[in-house]
Amino acid sequence: FALNDSSPSAHPNGTLQQLPAVIIIGVRKGGTRALIEMLSLHSAVAAAQNEVHFFDWESHFQRGLPWYLSQMPFSLPEQTTVEKTPAYFTSAKVPERVWRMNPDVKLLLILRDPTERVLSDYTQVYYNRLQKHKRLQPIESVLLKDGEINLDYRALNRSLYHLHMENWLRYFPLDSIHVVDGDQLIRDPLPEMKQVERFLELEPQINASNFYFNKTKGFYCLRDHGRERCLHDSKGRAHPLVDPSILQKLFRYFHEPNRKFFELVGRTFNWS
Ligand code: A3P
Numbered sequence: 020f021a022l023n024d025s026s027p028s029a030h031p032n033g034t035l036q037q038l039p040a041v042i043i044i045g046v047r048k049g050g051t052r053a054l055i056e057m058l059s060l061h062s063a064v065a066a067a068q069n070e071v072h073f074f075d076w077e078s079h080f081q082r083g084l085p086w087y088l089s090q091m092p093f094s095l096p097e098q099t100t101v102e103k104t105p106a107y108f109t110s111a112k113v114p115e116r117v118w119r120m121n122p123d124v125k126l127l128l129i130l131r132d133p134t135e136r137v138l139s140d141y142t143q144v145y146y147n148r149l150q151k152h153k154r155l156q157p158i159e160s161v162l163l164k165d166g167e168i169n170l171d172y173r174a175l176n177r178s179l180y181h182l183h184m185e186n187w188l189r190y191f192p193l194d195s196i197h198v199v200d201g202d203q204l205i206r207d208p209l210p211e212m213k214q215v216e217r218f219l220e221l222e223p224q225i226n227a228s229n230f231y232f233n234k235t236k237g238f239y240c241l242r243d244h245g246r247e248r249c250l251h252d253s254k255g256r257a258h259p260l261v262d263p264s265i266l267q268k269l270f271r272y273f274h275e276p277n278r279k280f281f282e283l284v285g286r287t288f289n290w291s
């Protein structure tokens, strides 16, 4: 598709739809909703409400950039549009497609402890199936096969961060990808958000008064122009208790992939 098909589409009140200059590419269950909501506290940011799935879903991608543009919020010309689709990070065809749209796009990747991410992934599928009145096998029988880690379990692959990062680094330099520490964002969002502001070269705006800890939810919630709100109930759910011996197997399984990821990004994370 041609880029000039996607020139910003104008609206009478001076707002327009713009292609994203910033994309939150993942990871699924890393804290992507929290990140885009927190970024939206900044007046220069216009965030797409829904996950767009443009670069990973064939039926969307075939519609071309004009369709992608039509999914974006109306914003002022000086604002930056951001979208988040967590499945982008783990989809091998996506990096090249994003690069073809804009090789200078800035990418945000929020990661958390790979074992915790697997448990969060399982929990999400568990609730989705519950809603459809379907059952899901207990976590132990999903994680293990013949007493060893079940390598067929898809959620494990999504936590092999180095594999996916290698695909992105084929197209984008490391300094185009900022990794947000999702575990830290849960514990103390402000320092992580300050780093994001710096990476995006936004005027510093997000501050301590934008966050307050909600004891009932057990997470930080947002305060925006005096209006307080927490993330949806589906964010911050309890994870299943897993037998410590199985957790140990998971920690061991992720040890080498984690080391490779740290080497790729030149930074370490406090993962078990
Ligand atoms: P859990 O529900 O498993 O705890 P995503 O938005 O990418 O699906 O990520 C969901 C995760 O965001 C949640 O996983 C939760 O741990 C994390 N999170 C980070 N900050 C949060 C916040 N302030 N409120 C709720 N969840 C938050």
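When the letters of the sequence shown are read in order and numbered with mature numbering (1 follows the signal peptide of the UniProt record, and there is no 0), they come out as residues 20 to 291.
In this text, a Cβ means the ideal position worked out from N, Cα and C, and glycines have one as well.
Quick caveat, the model's predicted, so the values are computed rather than measured.
In this structure, the CA atom of glutamine 36 is about 6 Å from the CA atom of serine 94.
Residues of the same chain with a CB within less than 7 Å of the CB of leucine 58, apart from the 5 flanking positions on each side, are Val64, Ala66, Val101 and Val215 in chain order. Contact between the region 70 to 77 and the region 100 to 119 is present: three or more C-beta pairs spanning the two stretches fall below 8 Å. Glutamate 222 sits exposed, since fewer than 16 C-beta atoms from the chains shown fall within 10 Å of its C-beta. By the Cβ test, the region 80 to 92 is not in contact with the region 148 to 165, since fewer than three Cβ pairs between them sit closer than 8 Å. Assignment of isoleucine 55 by DSSP, reduced to helix, strand and coil, places it in the helix class.
Residue state for threonine 109 is assigned as coil, using DSSP reduced to three classes.
Residue pairing for phenylalanine 238: DSSP places it in a beta bridge opposite Asn233.
Annotated three-state conformation of isoleucine 225 is coil, per DSSP. Taken through DSSP and simplified to helix, strand or coil, aspartate 243 comes out as strand. Annotated as distal: isoleucine 42 and leucine 128, with beta-carbon spacing of 7 Å or more. Distance from the CA of aspartate 123 to the CA of leucine 188, rounded to the nearest whole angstrom, comes to 13 Å.
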